[in-house]
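**Q** Dropping a structure here in structure tokens format, bear with me for questions.
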Amino acid sequence: MTITKPPLSAPIRRTYTFKVKRYDPERGSYYWKEYSVELTNHETVLDGLLKIKWGVDATLSFRYSCRMGICGSCGMIINGTPRLACETKPYDLGTDVITIEPLSNFEPIKDVATDFSEFFDKHRSIKPWLIRKDEKEQFEKLESYYPQTEEQLNEYLEFAYCIKCGLCYSQYNFAITPRPNLLK
Ligand code: FES
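Under my numbering, read the sequence shown as residues 6 to 189, first letter to last.
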């Protein structure tokens with residue numbers, strides 16, 4: 006049997022205005038800068054920022070790595086909501102104006118890049134990993150193993166999915182987007 010792939014529909018192109026709240030470390034203050042970017046419905050906010058960086062303004066700073074929602078480094082406030090830039094498509098936001106701000110509750114470094122040192126210090130201090138009965142045994146003589154049951158795994162699995170992006174640590178910008186009623 007031959008399987009034929011369905012034809013890909015043509016991408017929808019749009020021009021977006023990216024309004025970026027940039028932090029100037031020399032002046033210790035923020036300022037807004039606007040850029041015009043053409044993107045398809047398949048491209049993300051991170052793709053737009055990279056187009057700006059590579060083709061328009063090389064001084065724009067932001068953080069990213071994996072580009073697939075795994076490393077957690079591209080967190081920023083997009084249209085008032087903390088989101089991953091590599092997972093957010095401007096087309097899905099339903100507006101031609103995309104506002105981008107650094108995550109709140111983090112010290113700014115430059116433009117949209119923020120300082121995660123304190124966040125990671127706190128994270129390390131609570132030791133959020135499985136600790137064996139004897140720490141010495143854990144790190145020095147791995148002779149026995151403690152198999153886990155499915156029930157034990159389910160008790161912590163949701164926390165193991167955390168990618169430490171800091172989005173839940175940041176907060177909504179009520180001035181731009183009213184918070185949705187999550188209880189509805
Ligand atoms: S670049 Fe890794 S989560 Fe977005």
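Cβ coordinates follow ideal geometry from the N, Cα and C atoms, glycine included.
#1: Consult DSSP for residue 87 and reduce its assignment to one of helix, strand or coil.
#2: Buried or exposed: which applies to residue 42, given that a residue is buried once 16 or more other Cβ atoms fall within 10 Å of its Cβ?
#3: Measure the alpha-carbon distance for residue 9 versus residue 44 and round it to whole angstroms.
#4: So what does DSSP say about residue 59, is it helix, strand or coil?
#5: When you compare the CB positions of residue 51 and residue 18, do they come within less than 8 Å of one another, or not?
#6: So, with DSSP's three-state summary, where would you put residue 161?
#7: Between the region 78–86 and the region 163–174, do at least 3 Cβ pairs fall closer than 8 Å?
#8: Count the other CB atoms within 10 Å of the CB of residue 64; is the residue buried (16 or more) or exposed (fewer)?
#9: Under 8 Å, with one C-beta from each stretch per pair, do the region 148–160 and the region 99–106 reach the 3-pair mark?
#10: For residue 185, count neighbouring Cβ atoms within 10 angstroms of its own Cβ and tell me buried if that reaches 16, exposed if not.
#11: Would you report the Cα separation of residue 26 and residue 80, rounded to the nearest angstrom?
#12: When you compare only the Cα positions, how much space is there between residue 82 and residue 123?
#13: When you compare the CB positions of residue 116 and residue 70, do they come within less than 8 Å of one another, or not?
**A** In short, the structure shows the following:
#1: Per DSSP, reduced to three states, the secondary structure at residue 87 is strand.
#2: The residue is buried, with at least 16 neighbouring Cβ atoms inside 10 Å.
#3: Taking the straight line joining both Cα atoms gives about 28 Å.
#4: Looking at residue 59 - three-state DSSP - the assignment turns out to be helix.
#5: Between residue 51 and residue 18, the CB-CB gap reaches or exceeds 8 Å.
#6: DSSP places residue 161 in helix when its eight states are reduced to three.
#7: Cβ pair count under 8 Å is three or more, so yes.
#8: A residue is called buried when at least 16 other Cβ atoms come within 10 angstroms of its Cβ; residue 64 does not meet this threshold and is exposed.
#9: At 8 Å Cβ cutoff, the stretches do not touch.
#10: Caution is warranted here: a pLDDT of 48 is assigned to residue 185, below 50, making its placement in the model unreliable, and the coordinate value is therefore given only provisionally. Its Cβ having fewer than 16 others within 10 Å, residue 185 is exposed.
#11: Whole-angstrom Cα-Cα distance: 14 Å.
#12: Using only the alpha carbons, I get a separation of about 19 Å.
#13: The answer is no: Cβ separation not under 8 Å.
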